[in-house]
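Asker:
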Amino acid sequence: MADVPNDAPEHCPGTSSDQAGKSSACQGCPNQNICASGAAKAPDPAIEEIRQKLTSVKHKILVLSGKGGVGKSTFSAHLSHALASDDSKEIALLDVDICGPSIPKIMGLEGEQVHQSGSGWSPVYVEDNLAVMSIGFLLSSPDDAVIWRGPKKNGMIKQFLRDVDWGEVDYLIVDTPPGTSDEHLSIVQYLSGAGIDGAVIITTPQEVSLQDVRKEIRFCKKVKIPVIGVIENMSGFVCPKCKNTSQIFPPTTGGAQRMCEELNLPLLGRVPLDPRIGRSCDEGRSFLTEVPDSPAAVAYQNIVQICHRRKVSVH
Amino acid sequence: MDSSEKGSLAQVKHVVLVLSGKGGVGKSTITTELALALVHAGKKVGILDVDLCGPSIPRMLSVGKPEVHQCDAGWVPVYADPQQKLAIMSIGFLLEDSDEAVIWRGPKKTALIGQFVSDVAWGELDILLVDTPPGTSDEHLAVLENLRKHRVDGAVLVTTPQAVSTGDVRREITFCKKTAVKILGIVENMSGFVCPHCSECSNVFSKGGGEELAKLTGSVFLGSVPLDPLLTATLEEGRDFLQAFPESSTYTAISQIVNTVLSSLDA
Chain P
1 MADVPNDAPE
11 HCPGTSSDQA
21 GKSSACQGCP
31 NQNICASGAA
41 KAPDPAIEEI
51 RQKLTSVKHK
61 ILVLSGKGGV
71 GKSTFSAHLS
81 HALASDDSKE
91 IALLDVDICG
101 PSIPKIMGLE
111 GEQVHQSGSG
121 WSPVYVEDNL
131 AVMSIGFLLS
141 SPDDAVIWRG
151 PKKNGMIKQF
161 LRDVDWGEVD
171 YLIVDTPPGT
181 SDEHLSIVQY
191 LSGAGIDGAV
201 IITTPQEVSL
211 QDVRKEIRFC
221 KKVKIPVIGV
231 IENMSGFVCP
241 KCKNTSQIFP
251 PTTGGAQRMC
261 EELNLPLLGR
271 VPLDPRIGRS
281 CDEGRSFLTE
291 VPDSPAAVAY
301 QNIVQICHRR
311 KVSVH
Chain R
1 MDSSEKGSLA
11 QVKHVVLVLS
21 GKGGVGKSTI
31 TTELALALVH
41 AGKKVGILDV
51 DLCGPSIPRM
61 LSVGKPEVHQ
71 CDAGWVPVYA
81 DPQQKLAIMS
91 IGFLLEDSDE
101 AVIWRGPKKT
111 ALIGQFVSDV
121 AWGELDILLV
131 DTPPGTSDEH
141 LAVLENLRKH
151 RVDGAVLVTT
161 PQAVSTGDVR
171 REITFCKKTA
181 VKILGIVENM
191 SGFVCPHCSE
201 CSNVFSKGGG
211 EELAKLTGSV
221 FLGSVPLDPL
231 LTATLEEGRD
241 FLQAFPESST
251 YTAISQIVNT
261 VLSSLDA
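Chains P and R are the protein sequences, given in the same order. Numbering follows UniProt numbering, in which position 310 of the first sequence is assigned residue number 310; successive positions increment by one, without gaps. Numbering follows UniProt numbering, in which position 55 of the second sequence is assigned residue number 55; successive positions increment by one, without gaps.
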């Protein structure tokens, strides 16, 4: 049964929820007896379907943070660009931020639409070897809001994994929204058959970020996702005029370095603030090619190399 | 009708949501600064923090890990000050371990938010600010459904200048229109950085997007708040920025925003 059947009431908890058939919203739903009996909670057949579909995908990497606005989408996009610079590799980028899909804009793919074929949904190709999927491609206007509760978001993520014709892929990068909720649980659940190589965690230096990121790291431990490492983004700003460095987001509690030491996790690198990063993202261009000599681009390339090497020896 | 029948918000004069489609733009920062400015202006203020996965308010107001008690009228909010002018409720107060992840699906988040709205004994407040996580999902719908019995005056939308941010905030504006929430205005946060060494202004996160968005959508532009490391540092330490740095341009910017919001509430 679909996670939220078409005939379900508005507050349907989802057929695989603990509350399936039992919540007050279930009163009067035609599926209530099925759900309450537990029949709908049998392992979702989609997990096996997804496992089979993704046998052609060699590596799957999640990009996570507990905190919003730290640079997950920026990193996901540029990790994908960097990996795709090797023509012999096939790269796929999946955006599961259902409410705030940033990937189409950052990849310069705004306005693109998804096509259906016999073998499923075709992702949008930004290069011959770099395919992208996002709910952004299913919306007809930049003002469209996706006002969905958890169960409906979960259904979309299931479709992204099961119904997209990714083909032969070396790396599938999954960009996520902030938090530890439906989207994150669904990605872990639906990839439980296919497997996840690991997660890259993004933070900024200040404690307000780190306190959320520690929760994300706990989430990874709980659901047994290996952590490839942590990246500290927006780590210092060099004034273009006087060249002095300012800590706009100060590491008042030791930044990502101390957190990594405490949690025994690798710090993959620090990326400084560079206004050209934001500008490139807004214009849908890779800053790795726009400003390859910028300290930020150099930092990113180093991090990508480390990720490449680390993916097989994770914590 | 006595106040217990109308619910725990019966003595709350105004309710304002702080929204953004985008994460990390400064919703909690703006909520905190608006609250402090309103308290300094003599108002009784409440903050309801419905970001269940990433609750930032407790640290920003240096309220630590107090216990939440029950009274006859419901849960007692935590007060940030001895005079009890600033009341707060956040999941941050209910977690034993502050690093504990709240790994909940939508229905469970919806249920707790319902309790936060209906079962907290807010008492008399001039204004209740609701700090939200990014997005247009369970938390936002839960807050509006539970506030249906009580008027929501409107929402302040926060963005940073760049297009990746305003792109998400446009969707939040659609959410407000669809749910009949009045948009009190748009705040552009992280709007330029003035180098403390040479005073050169750098547009770290681009420029002008907030004002353009306001024009595009016919919304009020409430003002710009600069990127100010002093603001970030005081929030990290849970100190009152407005008391510490009243001469700063950031203080002026925040005061202007507060005055505009107050006038639109009294109108």
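Ideal placement from N, C-alpha and C gives every residue a C-beta, glycine not left out. Just so you know, these numbers come straight off a predicted model, no measurement behind them.
1) To the nearest angstrom, report how far apart R/Leu-48 and P/Asn-129 are at their CA atoms.
2) Between the alpha carbons of P/Ala-36 and P/Asn-6, how many angstroms are there, rounded?
3) Please classify R/Ala-73: does DSSP put it in a helix, a strand, or coil?
4) In chain order, what residues of the stretch 269-289 of chain P put their CB closer than 9 Å to some CB of chain R?
5) CB P/Thr-204 to CB P/Lys-67, shorter than 9 Å?
6) Interface residues of chain R around P/Lys-224 at Cβ under 9 Å?
7) Taking DSSP as the reference, what is the three-state secondary structure of P/Arg-279?
8) Per DSSP, what are the beta-bridge partners of P/Ile-98 in this structure?
9) Closest by CA to P/Ala-296, which one among P/Pro-45, P/Pro-142, P/Met-234, P/Val-96?
10) Give the residues of chain R in contact with P/Gln-257, contact being defined as C-beta atoms less than 7 Å apart.
11) Is P/His-81 close to chain R? Criterion is C-beta to C-beta, closer than 9 Å.
12) Start and end of the alpha helix (DSSP H) containing P/Ala-181?
13) Starting from R/Arg-151 and walking both ways along the beta strand (DSSP E), at which residues does that stretch end?
14) By the criterion of Cβ-Cβ separation under 8 Å, what are the contact partners of R/Arg-59 in chain C?
15) Could you work out which residue in P/Gln-206, P/Leu-265, P/Asp-18 is closest to P/Asp-236 when comparing CA atoms only?
16) Does DSSP put R/Gln-11 in a helix, a strand or coil?
17) Taking P/Gln-247 as the reference, give the member of P/Tyr-171, P/Cys-307, P/Asp-274, P/Met-259 with the closest Cα.
18) Closest by CA to R/Asn-259, which one among R/Phe-221, R/Glu-236, R/Glu-237?
19) R/Glu-100 versus chain P: which residues are under 8 Å apart at the beta carbon?
20) Determine the extent of the alpha helix (DSSP H) in which R/Gly-46 is found, giving its start and end residues.
21) CA-CA distance, R/His-40 and P/Trp-148?
22) Could you check whether the Cβ of R/Gly-74 sits closer than 9 Å to any Cβ belonging to chain P?
23) Whose Cβ in chain R lies nearer than 7 Å to the Cβ of P/Trp-148?
24) Could you check which residue in P/Ala-131, P/Asp-163, P/Ile-106 has the C-alpha nearest to that of P/Glu-49?
25) Within 10 angstroms of the Cβ of R/Thr-132, are there 16 or more other Cβ atoms? Answer buried if so, exposed if not.
26) Skipping 5 residues on each side, what residues in its chain have a beta carbon closer than 6 Å to that of P/Lys-60?
27) Could you pull out every residue in the same chain whose Cβ sits closer than 6 Å to the Cβ of P/Pro-272, ignoring the five residues on either side in sequence?
28) For P/Ala-299, which residues from the same chain have a beta carbon less than 6 Å from its beta carbon, with the 5 sequence-adjacent residues on both sides left out?
29) Rounded to the nearest angstrom, what separates P/Ser-286 and P/Ala-131 at their Cα positions?
30) Strictly below 7 Å CB to CB, what residues from chain R border P/Asp-144?
31) Using only the alpha-carbon positions, how far apart do P/Ser-16 and P/Ile-187 sit?
32) Kindly indicate which three-state DSSP category R/Gly-64 falls into: helix, strand or coil?
33) Hey, is R/Gly-218's beta-carbon within less than 9 Å of any beta-carbon in chain P?
34) Can you tell me where the beta strand (DSSP E) holding P/Gln-116 begins and where it ends?
35) Which same chain residues end up closer than 8 Å to R/Ser-98 when comparing Cβ atoms and leaving out the 5 residues on each side of it in sequence?
36) Would you mind telling me which residues of chain R sit closer than 7 Å to P/Ile-47, beta carbon to beta carbon, in chain order?
Answerer: Quick answer:
1) By 1-based counting over the second sequence, the position of residue 48 of chain R is 48. By 1-based counting over the first sequence, the position of residue 129 of chain P is 129. Answer to the nearest angstrom: the Cα atoms are 47 Å apart.
2) Mapped onto the first sequence, residue 36 of chain P falls at position 36. Mapped onto the first sequence, residue 6 of chain P falls at position 6. Distance between the alpha carbons of P/Ala-36 and P/Asn-6: 18 Å.
3) One-based indexing of the second sequence puts residue 73 of chain R at position 73. DSSP places R/Ala-73 in coil when its eight states are reduced to three.
4) Leu-273, Asp-274, Pro-275, Gly-278, Arg-279, Cys-281, Asp-282, Glu-283
5) Counting from one through the first sequence, the residue named residue 204 of chain P turns up at place 204. Counting from one through the first sequence, the residue named residue 67 of chain P turns up at place 67. Yes, these two residues count as a Cβ contact at 9 Å.
6) In the first sequence, the residue the question calls residue 224 of chain P occupies position 224. Those within 9 Å of P/Lys-224 in chain R number zero; the least Cβ separation is about 13 Å.
7) Within the first sequence, numbered from 1, the residue matching residue 279 of chain P stands at position 279. Note: P/Arg-279 maps to helix in three-state DSSP.
8) Taking the first residue of the first sequence as position 1, residue 98 of chain P is located at position 98. Answer is none; P/Ile-98 lacks a bridge partner.
9) The sequence position of residue 296 of chain P within the first sequence is 296, counting from 1. Among P/Pro-45, P/Pro-142, P/Met-234, P/Val-96, the Cα nearest to that of P/Ala-296 belongs to P/Met-234.
10) Mapped onto the first sequence, residue 257 of chain P falls at position 257. Near P/Gln-257 there are no residues of chain R at all, since even the closest Cβ is about 16 Å away, more than 7 Å.
11) Counted from its first residue, the first sequence places residue 81 of chain P at position 81. It does not: the Cβ of P/His-81 has no partner Cβ on chain R nearer than 9 Å.
12) In the first sequence, residue 181 of chain P corresponds to position 181, counting from 1. The sequence given here has Ser at residue 181 of chain P, not Ala. Neither: P/Ser-181 is in no alpha helix (DSSP H) and is coded neither H nor E.
13) In the second sequence, residue 151 of chain R corresponds to position 151, counting from 1. No beta strand (DSSP E) holds R/Arg-151; DSSP gives it neither H nor E.
14) The structure shown has no chain C; the protein chains it does contain are P and R.
15) The count along the first sequence starts at 1 and reaches residue 236 of chain P at position 236. The sequence given here has Gly at residue 236 of chain P, not Asp. P/Gly-236 has its Cα closest to that of P/Gln-206, out of P/Gln-206, P/Leu-265, P/Asp-18.
16) Numbered from 1 along the second sequence, position 11 holds the residue referred to as residue 11 of chain R. Coil, per DSSP.
17) By 1-based counting over the first sequence, the position of residue 247 of chain P is 247. Comparing Cα-Cα distances from P/Gln-247 to each of P/Tyr-171, P/Cys-307, P/Asp-274, P/Met-259, the minimum goes to P/Asp-274.
18) Within the second sequence, numbered from 1, the residue matching residue 259 of chain R stands at position 259. If we check each option's Cα against that of R/Asn-259, R/Phe-221 comes out closest.
19) Counting from one through the second sequence, the residue named residue 100 of chain R turns up at place 100. Within 8 Å Cβ-Cβ: Lys-215, Arg-218.
20) The count along the second sequence starts at 1 and reaches residue 46 of chain R at position 46. No alpha helix (DSSP H) contains R/Gly-46, which is instead part of the beta strand (DSSP E) from 45-49.
21) Looking up residue 40 of chain R in the second sequence gives position 40. Looking up residue 148 of chain P in the first sequence gives position 148. Distance between the alpha carbons of R/His-40 and P/Trp-148: 38 Å.
22) The count along the second sequence starts at 1 and reaches residue 74 of chain R at position 74. Judged by the 9 Å Cβ criterion, R/Gly-74 is not in contact with chain P.
23) Along the first sequence, read from residue 1 onward, the residue named residue 148 of chain P stands at position 148. Ordered by position in chain R, the residues that pass the 7 Å Cβ test against P/Trp-148 are Ser-137.
24) Here residue 49 of chain P refers to the residue found at position 49 of the first sequence. P/Glu-49 has its Cα closest to that of P/Asp-163, out of P/Ala-131, P/Asp-163, P/Ile-106.
25) The count along the second sequence starts at 1 and reaches residue 132 of chain R at position 132. Its Cβ being crowded by 16 or more others within 10 Å, R/Thr-132 is buried.
26) By 1-based counting over the first sequence, the position of residue 60 of chain P is 60. Excluding sequence neighbours, P/Lys-60 sits near Leu-172, Ile-196, Asp-197.
27) As a first step, residue 272 of chain P must be located in the first sequence, where it is residue number 272. Same-chain partners within the cutoff: Ser-235, Gly-236, Pro-295, Ala-296.
28) As a first step, residue 299 of chain P must be located in the first sequence, where it is residue number 299. Contacts found: Gly-269, Val-271.
29) For this step, residue 286 of chain P is matched to residue 286 along the first sequence. For this step, residue 131 of chain P is matched to residue 131 along the first sequence. Approximately 15 Å, taken between the alpha carbons.
30) Taking the first residue of the first sequence as position 1, residue 144 of chain P is located at position 144. Within chain R, the residues near P/Asp-144 are Arg-171, Thr-174.
31) Locating residue 16 of chain P in the first sequence gives position 16, counting from the first residue. Locating residue 187 of chain P in the first sequence gives position 187, counting from the first residue. Straight-line Cα distance between these residues: approximately 14 Å.
32) Along the second sequence, read from residue 1 onward, the residue named residue 64 of chain R stands at position 64. Looking at R/Gly-64 - three-state DSSP - the assignment turns out to be coil, as it is neither helix nor strand.
33) What you label residue 218 of chain R is simply residue 218 of the second sequence in a count that begins at 1. Not an interface residue.
34) Counting from 1 along the first sequence, the entry for residue 116 of chain P is found at position 116. Residues 115-117.
35) One-based indexing of the second sequence puts residue 98 of chain R at position 98. Around R/Ser-98: Lys-65, Gly-92.
36) Residue mapping note: residue 47 of chain P aligns to position 47 of the first sequence, counting from 1. The premise fails here: P/Ile-47 is roughly 17 Å from chain R at the closest Cβ pair, so nothing lies under 7 Å.
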